[in-house]
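Inspection log for the structure reproduced underneath, given as structure tokens.
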Amino acid sequence: MLSIEAGVPGTVRIAGRLDAAQCPTVQAYLDKLAGTVTLDCRELKYISSAGLGVLLKTQKRLMAAGGKLRLTEVSRHLRDIFQYSGFDQIFDIEPAGE
Amino acid sequence: MTDLEPILALAGKLAAPYDLATMLVEVVDAATQVLGAERASVWLYEADSDELVLRVASDIAPVRMAAGAGIVGTCARTRKLINVPDCYADARFDPRVDRKSGYRTRCLLALPLIDHQEALVGVMQVLNKRHGVFDAADEALGGVLAAQCAVALQRTLMMQQVIEGEKLRREMETARVVQMSTLPAAMPQVPGYDLYGTFRPADLTGGDTFDLALTEQGLLIVLGDATGHGIGPALSVTQMHAMLRMALRLGADLELAYRSVNNQLAERLPADRFITAFIGLLDPATHRLRFHSGGQAPILCYRAKRASFEEHKPTTFPLAAMPLERLRAATTLELEPGDVLALISDGIYECADARGEDFGAERVRRLIAERHDAPMSELAAALLQAVQGFAGGAPQADDMTLVLVKREPPGAQRAFRRSVESLAQIFAFTAGTVTDAQLRRTVDLVLEELFTNIVKYGRASDTLVSIDIRRLARGVRVTITDPDAEYFDPQRAPQPDVGAPLERREPGGLGLHLVRELVDALEYRYAREERTGRITFSLGTRDAVH
Chain A
1 MLSIEAGVPG TVRIAGRLDA AQCPTVQAYL DKLAGTVTLD CRELKYISSA
51 GLGVLLKTQK RLMAAGGKLR LTEVSRHLRD IFQYSGFDQI FDIEPAGE
Chain B
1001 MTDLEPILAL AGKLAAPYDL ATMLVEVVDA ATQVLGAERA SVWLYEADSD
1051 ELVLRVASDI APVRMAAGAG IVGTCARTRK LINVPDCYAD ARFDPRVDRK
1101 SGYRTRCLLA LPLIDHQEAL VGVMQVLNKR HGVFDAADEA LGGVLAAQCA
1151 VALQRTLMMQ QVIEGEKLRR EMETARVVQM STLPAAMPQV PGYDLYGTFR
1201 PADLTGGDTF DLALTEQGLL IVLGDATGHG IGPALSVTQM HAMLRMALRL
1251 GADLELAYRS VNNQLAERLP ADRFITAFIG LLDPATHRLR FHSGGQAPIL
1301 CYRAKRASFE EHKPTTFPLA AMPLERLRAA TTLELEPGDV LALISDGIYE
1351 CADARGEDFG AERVRRLIAE RHDAPMSELA AALLQAVQGF AGGAPQADDM
1401 TLVLVKREPP GAQRAFRRSV ESLAQIFAFT AGTVTDAQLR RTVDLVLEEL
1451 FTNIVKYGRA SDTLVSIDIR RLARGVRVTI TDPDAEYFDP QRAPQPDVGA
1501 PLERREPGGL GLHLVRELVD ALEYRYAREE RTGRITFSLG TRDAVH
């Protein structure tokens, strides 16, 4: 299951598993955002390369307009995946306080 | 001056590519004609036995005589022409031959046959000059003739060796083709078992065989090794193979089949030939294996639970050694999850390195202990590779044969529709199969990447993609089977540049990159005829991403 919703202003909370089947929903949601967006990953349990693709596309779009995507509360597991894919160099990543 | 023409005619004849029998007749005819004699004969020299051999006729055993005995023998020893004008006055002459044949030998000329290389080919004996005795002119002419004959005979003998060698080689090749043709073309598919047999023939000789076949009586498991060299062993094991399958097809149980095959082979094979053989029947439902082993050892069984080996002894003497009236009870084993029965021919155990050391049982055991988790095809490949490395380029002296039977550890298999919608079902499946949460998350990620790859880039097909998960001692082995696939090896997919700046980053290729980062081992197999692609990966608990 996956859910994505607005949190405090400028923040989006994503929860559950971001697999290939969930990408269209998430992409559609993120496409509506502008400026600098903080994605709260506290409840994000899983991400695959398809999910990384969604984040990459969003980052490119926001940065072209002077904004960006920040990832916060990123778990150790997700950080490993970001690191393996080199995405740790593309996003500001704030680790979860584990 | 002697008439030259008959000799030249003879030289022409002797240059023809006759077989040995014809050449001998030609030489004898030439000698009698040129020297005006009544009879002639040619004794060929055999260096191995230091004997002279006279071929009388093709269907009569040749006459043999020690070199050195009698006039002919003396001629062979001294390599000098001997002219005896009156045989009965010569002490070296043996009159018994005349008494037997009724022919009276008056005078004779013994001529050594010496070829270009100064090797003794034999002795030509010319009997009874028609008019008078052999004189100095005959001796000179005989010498010329003998030199011609020696070269012609030597050439014929060499040709015969080549022809016989070629014939033997062709017979061997045929026997090997027959031997290979009896091996199972594909491994039988038995749910819950991983079966693999392979045979690597030596260049020249060897008599291994194996069988893995489903019969009414259960899964037939055979490893056989016939003794001896040349064409015999290949034929023997082929016979054994055929008899055994026939006996089982006729409904014989293990004992009757074993005994009947043994007794038939004992009757048919030469007295010095036998076959060491393991013959077993496995019931895949109860996992009980019953076997007889005629001198085939060691019978190794890796026990997964205790991580140790059990070794079983042969139950009887080799097949065909002698008839069997009664058979001791078969040995019974029960295979438990993860256990591996390993039957390995002595071509592997006894494969020697440059210093003469054997590959040995210890190395075999170590490899099995290390690789028992892997598919049996991989374990077999690892063993053969290790043996090859050990031998270090020395030619393979004996056939190498492996039969591996593994009872699969617990696991599960399920098939899924080609759609990203199936991911939820796949994750539900792993949730019920992989208990370790961290390991499961990594399994899910790798599975998703590989599965979505099939969905996105594979053929649009209604066939289901199946996923098989096996639990290993520490980790899992997962196989994804796509029954309608184009060839695509995920290991060879291009590597994305994960260090590139944002503008140049593309999501493509990232999934397979992650897969390669995460898995312990990845294997891709493609069966062209069945259009089936198979990806197998393994993950250990320790490799799980946090």
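In order, the protein sequences belong to chains A and B. At position 20 of the first sequence (counting the first as 1) the number is 20 in the working numbering, and the numbers step up by one without a gap. At position 282 of the second sequence (counting the first as 1) the number is 1282 in the working numbering, and the numbers step up by one without a gap. Cβ coordinates follow ideal geometry from the N, Cα and C atoms, glycine included.
(Q) I believe alanine 1458 of chain B touches arginine 1417 of chain B by the beta-carbon criterion, under 8 Å. Please report the beta-carbon distance rounded to the nearest angstrom. (A) Taking the first residue of the second sequence as position 1, residue 1458 of chain B is located at position 458. Taking the first residue of the second sequence as position 1, residue 1417 of chain B is located at position 417. Note on residue identity: the sequence assigns glycine, not alanine, to residue 1458 of chain B. With a Cβ gap of about 12 Å, glycine 1458 of chain B and arginine 1417 of chain B do not count as contacting.
**Q.** Strand pairing of valine 1476 of chain B, partner residues [DSSP]
**A.** To locate residue 1476 of chain B, count along the second sequence from 1; it is residue 476. Looking at the DSSP assignment, valine 1476 of chain B forms a beta bridge with B:Arg1471 and B:Leu1539.
Q | Cβ contact (3+ pairs, closer than 8 Å) linking the segment 1470-1489 of chain B and the segment 1521-1532 of chain B | A | yes
Q) In the segment 14-25 of chain A, which residues sit with their C-beta less than 9 Å from some C-beta in chain B, listed in chain order? A) Arg17, Asp19, Ala20, Ala21, Gln22 and Cys23
Q: For my contact list, valine 1548 of chain B and leucine 1108 of chain B are in at a C-beta cut-off of 8 Å; report their separation, rounded to the angstrom.
A: An answer regarding residue 1548 of chain B cannot be provided, because it is not within the stretch 1001 to 1546 covered by chain B.
Q | Same chain, Cβ closer than 8 Å to glycine 1070 of chain B, neighbours up to 5 away in sequence not counted | A | Mapped onto the second sequence, residue 1070 of chain B falls at position 70. Hits under 8 Å: Arg1092, Phe1093 and Asp1094.
Q. Is the beta carbon of valine 1261 of chain B less than 8 Å from the beta carbon of alanine 1247 of chain B?
A. Here the question's residue 1261 of chain B lines up with position 261 in the second sequence. Here the question's residue 1247 of chain B lines up with position 247 in the second sequence. Against a cut-off of 8 Å, the Cβ pair of alanine 1247 of chain B and valine 1261 of chain B comes out as a contact.
Q) Between B:Ala1369, B:Glu1378 and B:Cys1301, which lies nearest to leucine 1343 of chain B when the distance is taken from Cα to Cα? A) Within the second sequence, residue 1343 of chain B is the residue found at index 343, counting from 1. For leucine 1343 of chain B, the nearest C-alpha among the options comes from B:Cys1301.
Q) In three-state terms, what does DSSP make of methionine 1001 of chain B? A) Residue numbering aside, residue 1001 of chain B sits at position 1 when the second sequence is read from its first letter. With a pLDDT of 47 at methionine 1001 of chain B, under the threshold of 50, the modelled position of that residue is not reliable, and the figure given next carries that caveat. Coil.
Q) Distance, Cα to Cα, isoleucine 1007 of chain B vs arginine 1155 of chain B? A) Here residue 1007 of chain B refers to the residue found at position 7 of the second sequence. Here residue 1155 of chain B refers to the residue found at position 155 of the second sequence. Their backbone Cα atoms lie some 19 Å apart in a straight line.
(Q) I'd like the ranges of any beta strand (DSSP E) spanning at least 3 consecutive residues and lying wholly in the segment 1099-1165 of chain B. (A) 1108-1114 and 1120-1129
Q. Near alanine 1040 of chain B, which residues of its chain fall below 6 Å by C-beta distance, leaving aside the five closest residues on each side in sequence?
A. As a first step, residue 1040 of chain B must be located in the second sequence, where it is residue number 40. Result list for alanine 1040 of chain B: Val1028, Ala1031, Thr1032 and Val1126, in chain order.
**Q.** Under 7 Å from the C-beta of arginine 1505 of chain B: neighbouring residues of chain A
**A.** For the purposes of this step, residue 1505 of chain B is identified with residue 505 of the second sequence, where counting begins at 1. Under the 7 Å cutoff, chain A gives Leu56 and Ile90.
Q: At 8 Å on the CB atoms, spell out the chain B contacts of tyrosine 46 of chain A, in chain order.
A: Taking the first sequence and counting its residues from 1, the one referred to as residue 46 of chain A is at position 46. In chain order: Arg1441, Asp1444 and Leu1445.
Q) So what's glutamine 1413 of chain B in DSSP terms, helix, strand or just coil? A) In the second sequence, the residue the question calls residue 1413 of chain B occupies position 413. If DSSP states are grouped into helix, strand and coil, glutamine 1413 of chain B belongs with the strands.
Q. Among residues of its own chain, excluding the 5 on either side of aspartate 1398 of chain B, which ones have a beta-carbon nearer than 6 Å to its beta-carbon?
A. Reading the second sequence from its first residue, position 398 is the one you call residue 1398 of chain B. Ala1202, Gly1206 and Gly1347, listed in sequence order.
Q. Mapping DSSP to helix, strand and coil, what is lysine 1406 of chain B?
A. Position 406 of the second sequence, counted from the start, is the residue given in the question as residue 1406 of chain B. Note: lysine 1406 of chain B maps to strand in three-state DSSP.
(Q) Between glycine 1218 of chain B and chain A, is any beta-carbon pair separated by less than 8 Å? (A) Along the second sequence, one-based indexing puts residue 1218 of chain B at 218. No, glycine 1218 of chain B lies away from the interface with chain A (no Cβ there is under 8 Å from its Cβ).
Q.
Just to make sure I have the definition right: I need the residues of chain B whose C-beta is within less than 7 Å of the C-beta of glycine 86 of chain A. Which are they?
A. By 1-based counting over the first sequence, the position of residue 86 of chain A is 86. Val1498 and Gly1499, listed in chain order.
**Q.** Close beta carbons around aspartate 1373 of chain B, own chain, < 6 Å, minus the five adjacent residues each side
**A.** If you number the second sequence from 1, residue 1373 of chain B lands on position 373. Excluding sequence neighbours, aspartate 1373 of chain B sits near Leu1472.
Q.
Taking its Cβ as the centre, do 16 or more other Cβ atoms sit within 10 Å of lysine 1406 of chain B, making it buried, or is it exposed?
A. Here residue 1406 of chain B refers to the residue found at position 406 when the second sequence is read from its first residue. Buried, by the Cβ-count rule.
Q) Between valine 1072 of chain B and the rest of its own chain, which residues show a CB-CB distance below 8 Å, the 5 nearest in sequence each way excluded? A) In the second sequence, counting from the first residue as 1, residue 1072 of chain B sits at position 72. Contacts found: Trp1043, Leu1052, Met1065, Ala1110, Val1123 and Gln1125.
Q.
Do arginine 1273 of chain B and threonine 1238 of chain B count as a contact pair if the criterion is CB distance below 8 Å?
A. Indexing the second sequence from 1 puts residue 1238 of chain B at position 238. Indexing the second sequence from 1 puts residue 1273 of chain B at position 273. No, these two residues do not count as a Cβ contact at 8 Å.
Q. For serine 1181 of chain B, is the classification buried or exposed, using 16 other Cβ atoms within 10 angstroms of its Cβ as the cut-off for buried?
A. In the second sequence, residue 1181 of chain B corresponds to position 181, counting from 1. Exposed: under 16 other Cβ atoms inside 10 Å.
Q) Do you know how far the Cα of methionine 1187 of chain B is from the Cα of aspartate 1211 of chain B? A) Within the second sequence, the letter at position 211 stands for residue 1211 of chain B. Within the second sequence, the letter at position 187 stands for residue 1187 of chain B. Going by the C-alpha atoms only, they are around 9 Å apart.
Q.
Under 8 Å, Cβ to Cβ, is there at least one residue of chain A near threonine 1536 of chain B?
A. Within the second sequence, numbered from 1, the residue matching residue 1536 of chain B stands at position 536. Not one chain A Cβ lies under 8 Å of threonine 1536 of chain B.
Q.
At a CB distance below 7 Å, what residues from the segment 1369-1382 of chain B approach chain A? Give them in sequence order.
A. none
Q: Starting from isoleucine 14 of chain A, follow the beta strand (DSSP E) in both directions and report where the run begins and ends.
A: Looking up residue 14 of chain A in the first sequence gives position 14. Its beta strand (DSSP E) spans residues 11-18.
Q: Look at the alpha carbon of aspartate 1436 of chain B and the alpha carbon of alanine 1412 of chain B, and state the distance between them as a whole number of angstroms.
A: Residue mapping note: residue 1436 of chain B aligns to position 436 of the second sequence, counting from 1. Residue mapping note: residue 1412 of chain B aligns to position 412 of the second sequence, counting from 1. If I take the Cα positions, the gap works out to 16 Å.
Q) Shortest alpha-carbon distance to glutamate 1114 of chain B belongs to which of B:Met1376, B:Lys1456, B:Tyr1045 and B:Leu1054? A) Translated into the one-based positions of the second sequence, residue 1114 of chain B becomes position 114. Looking at the sequence itself, residue 1114 of chain B is isoleucine, so the reference to glutamate does not match. Considering only alpha carbons, the answer is B:Tyr1045.
Q. Can alanine 1307 of chain B and proline 1409 of chain B be called in contact, C-beta distance under 8 Å?
A. Within the second sequence, numbered from 1, the residue matching residue 1307 of chain B stands at position 307. Within the second sequence, numbered from 1, the residue matching residue 1409 of chain B stands at position 409. Contact flag unset, no.
Q | Members of the segment 1418-1434 of chain B near chain A, C-beta cut-off 8 Å | A | Val1420, Glu1421, Leu1423, Ala1424 and Phe1427
Q: Have a look at B:His1131, B:Pro1112, B:Leu1120 and B:Ala1119 and flag the residue whose alpha-carbon is nearest the alpha-carbon of valine 1144 of chain B.
A: Position 144 of the second sequence holds residue 1144 of chain B. Looking at the Cα atoms, B:Pro1112 is the closest of the given residues.
**Q.** Interface partners of leucine 1514 of chain B on chain A, CB under 9 Å
**A.** Taking the second sequence and counting its residues from 1, one reaches residue 1514 of chain B at position 514. Going along chain A in sequence order, the residues near leucine 1514 of chain B (Cβ under 9 Å) are Ser48, Ser49, Leu52, Ile81, Tyr84 and Ser85.
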